[in-house]
Amino acid sequence: MNLHTHDFGAISDRMQTNDNKLVSAEFRDYSITSAFQPIFSLSHRHPVGYEALCRAKSSDGIPISPIALFDQVKDESDNVVLDRLCRAVHVKNFSRFTSKSWIFLNVNPLVTVLGKNYGSFFKEMLEKNNISPNQVVIEILEKKIYDESILAAAINYYKDLGCLIAIDDFGASHSNFDRIWNIKPDIVKFDRSIIIQAEQCPIVRKALPNMVALIQDIGCITLMEGIETEQQALIAIDSNVDLVQGYYFGYPAEHLVDPFNQDDTLFRLSGKHNEISTVTKSRYQELVDSPLTEFKAALQKISAGVQEPDMACPKLLALPNVNNMYFLDENGYQIGGNIINQLKPETTDLRYRPLFEAKGANWSRRHYFKQAIRNPGEIQATRPYRSMLGRAQCITLSALINSPSGKLVACLDLNWAY
1 MNLHTHDFGA
11 ISDRMQTNDN
21 KLVSAEFRDY
31 SITSAFQPIF
41 SLSHRHPVGY
51 EALCRAKSSD
61 GIPISPIALF
71 DQVKDESDNV
81 VLDRLCRAVH
91 VKNFSRFTSK
101 SWIFLNVNPL
111 VTVLGKNYGS
121 FFKEMLEKNN
131 ISPNQVVIEI
141 LEKKIYDESI
151 LAAAINYYKD
161 LGCLIAIDDF
171 GASHSNFDRI
181 WNIKPDIVKF
191 DRSIIIQAEQ
201 CPIVRKALPN
211 MVALIQDIGC
221 ITLMEGIETE
231 QQALIAIDSN
241 VDLVQGYYFG
251 YPAEHLVDPF
261 NQDDTLFRLS
271 GKHNEISTVT
281 KSRYQELVDS
291 PLTEFKAALQ
301 KISAGVQEPD
311 MACPKLLALP
321 NVNNMYFLDE
331 NGYQIGGNII
341 NQLKPETTDL
351 RYRPLFEAKG
361 ANWSRRHYFK
371 QAIRNPGEIQ
381 ATRPYRSMLG
391 RAQCITLSAL
401 INSPSGKLVA
411 CLDLNWAY
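Below is the structure:
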């Protein structure tokens with residue numbers, strides 16, 4: 001094995017520069033060069049990084065996708081050469097610019113581990129191009145690796161150099177939380193399938209902010225990729241994701257984008273998101289306000305001892321958006337069962353019948369109970385959440401009151417439609 005055919009010097013000898021200072025390289029019958037797709041911070045409103053993408057074409061000028069190009073290479077030695085060649089071209093092209101942004105490099109961990117058999121390369125490549133390791137984000141293509149030891153060895157190598165680590169395609173295939181616990185990446189890139197599902201399904205859209213928050217709580221920066229439409233961009237903003245990438249924000253190009261050209265787009269998006277949020281908040285407040293008069297009247301009757309709790313509910317339960325009512329003692333234990341709106345049979349789903357009998361259940365961990373205890377006499381309202389009586393979403397109004405039999409927390413569930 002001739003290691004000199006794989007080292008940085010040999011790889012550099014394959015590269016040439018055209019009149020526009022764009023670097024390319026030859027591999028077999030193909031010419032390889034770079035395109036850079038911007039990655040924006042929604043908060044900073046400008047690009048903070050660029051993903052380096054391989055652009056290849058045959059000697060006849062016919063384009064070939066990176067996947068198809070790499071699929072043609074079966075030999076281990078050629079795999080290492082092609083992988084190194086792509087990275088060298090990307091870094092050389094990126095070094096033409098004065099940007100201090102990150103450069104995202106896709107890396108096959110298997111090639112990284114095998115590369116040890118073909119001499120050093122990566123560290124020298126960065127040094128020769130005056131690129132600091134802390135400016136490099138390594139996108140681990142972990143779906144190609146099933147051997148955790150190989151994956152760990154590759155990640156440790158780049159971490160020791162000072163590079164950041166990103167997990168690519170999170171949410172697709174076997175890319176899951178287990179890998180995050182093990183890899184401890186700096187950045188998690190959500191697979192494009194996530195934003196598509198969120199666009200098509202209200203439940204996924206509602207859950208997405210919680211998924212993003214969970215990743216952030218672990219200690220990772222979140223990146224939503226594959227954003228192609230305004231609707232998808234608005235969903236990304238609503239999810240509170242940190243970074244975004246996709247054709248909507250910028251196509252891959254030979255040169256880096258002007259960071260100030262995109263400010264209007266992000267500013268406009270932010271304004272539109274605020275408008276949508278205002279409408280949603282208004283709809284929420286309208287629902288919360290709709291039963292307040294009857295709810296307060298019922299609470300007054302119960303407090304005065306004029307009526308027993310279950311007898312104070314009929315008018316409330318005749319309102320169109322009310323699902324059910326129930327009462328808790330000061331320790332969170334439910335007194336009696338759920339008083340259901342009989343005019344709305346869809347309130348309950350018989351498949352959840354084992355959960356219907358709630359007498360004696362303890363709801364002290366629920367937000368609506370805690371808030372009522374902390375704010376005696378004031379009506380509290382939760383955010384929408386999944387009802388225990390079926391698949392529907394509900395909002396719970398709650399209030400701590402004094403009754404002849406002691407302190408009670410009255411709870412009223414309202415139907416929240418998407």
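FYI, the numbering for the sequence shown is 1 to 418, going by UniProt numbering.
Just so it is clear, CB atoms sit at the ideal spot from N, CA and C, and this is done for glycine as well.
Limits of the unbroken alpha helix (DSSP H) element including R374: H367 to R374
In whole angstroms, what is the alpha-carbon distance linking L355 and D258? 57 Å
Any non-hydrogen atom of the ligand COA within 6 Å of M311 CB: You won't find the ligand COA in this model; it holds no ligand whatsoever.
Specify the secondary structure class of V137 as computed by DSSP and reduced to three states. strand
Counting only the same chain and skipping the five closest in sequence on each side, list residues whose C-beta sits under 6 Å from that of V23. M15, T17, V89, K92 and N93
Could you tell me the distance, in whole angstroms, from the CA atom of R374 to the CA atom of Q285? 22 Å
So for D169, helix, strand or coil by DSSP? strand
Can you give me the Cβ contacts of P291 inside the same chain, cut-off strictly under 8 Å, excluding the 5 residues immediately before and after it? L316, L319, N321, V322, L397, L412 and L414
Whole angstroms is fine: what's the gap from P202's alpha carbon to L161's? 43 Å
Cutting at 7 Å between CB atoms, please list the residues of its own chain near Q307, excluding the five before and the five after it. K301
In three-state terms, what does DSSP make of D147? coil
Reduced DSSP secondary structure (H/G/I, E/B, other) of residue 426: In the structure displayed, the chain extends from 1 to 418; residue 426 sits before or after that span and is not available.
If N134 sits next to S95, beta carbons under 8 Å apart, how far is it from one beta carbon to the other, in whole angstroms? Not a contact, Cβ separation roughly 15 Å.
A166 versus P209, Y118 and V107, residue with shortest Cα-Cα distance: V107
What residue from L223, S270, S99 and T348 has the CA that sits closest to L256's CA? S99
Between L85, I155 and M125, which lies nearest to E26 when the distance is taken from Cα to Cα? L85
C-beta atoms of A372 and A399 nearer than 7 Å: yes
From I379, Y352, N402 and E378, pick the residue whose C-alpha is nearest to that of R386; which is it? Y352
CA-to-CA distance, I180 to Y368, given in whole angstroms: 33 Å
Tell me which same chain residues have a C-beta within less than 6 Å of the C-beta of L69, skipping the five on either side of it? A56
Does DSSP put P63 in a helix, in a strand, or in coil? strand
Neighbour-count burial assignment, K74, 16 or more Cβ in a 10 Å radius: exposed
What are the boundary residues of the beta strand (DSSP E) that includes H90? First-last for H90: E76 to F94, but that is the alpha helix (DSSP H), not the beta strand (DSSP E).
Take P404 and list the residues in its own chain whose beta-carbon comes closer than 8 Å to its own, dropping the five residues that flank it on each side. G305
Candidates K206, L164 and I227, of which the one nearest residue 430 by Cα: With the chain represented from 1 up to 418, any question about residue 430 goes unanswered, as that position is not in the structure.
Return the residue from the list Y247, N156 and P185 that minimises the CA-CA distance to G219. P185
Taking contact to mean at least 3 C-beta pairs separated by less than 8 Å, is the region 114 to 127 in contact with the region 43 to 61? no
Distance CB(R359)-CB(Q334) smaller than 7 Å: Correcting the residue type first, residue 359 is Lys in the shown sequence and not Arg. Contact: yes.
Does DSSP classify L3 as helix, strand or coil? Only weak support exists for where L3 lies, its pLDDT of 49 falling under 50; the value from the coordinates is given anyway. Residue state, collapsed to three classes: helix.
Select from L234, P384 and H46 the residue whose C-alpha is nearest the C-alpha of Q37. H46
Buried or exposed for T382, going by 16 or more other Cβ atoms inside 10 Å? buried
Between the beta-carbon of E228 and the beta-carbon of Y248, is there less than 7 Å? yes
Confirm, please, whether the CB-CB distance from L105 to I155 is below 7 Å. no
Please list the terminal residues of the continuous alpha helix (DSSP H) segment that includes K206. P202 to I218
Is DSSP giving M388 helix, strand or coil here? coil
Go to L110, then tell me how far its alpha helix (DSSP H) extends in each direction, as first and last residue. P109 to L114
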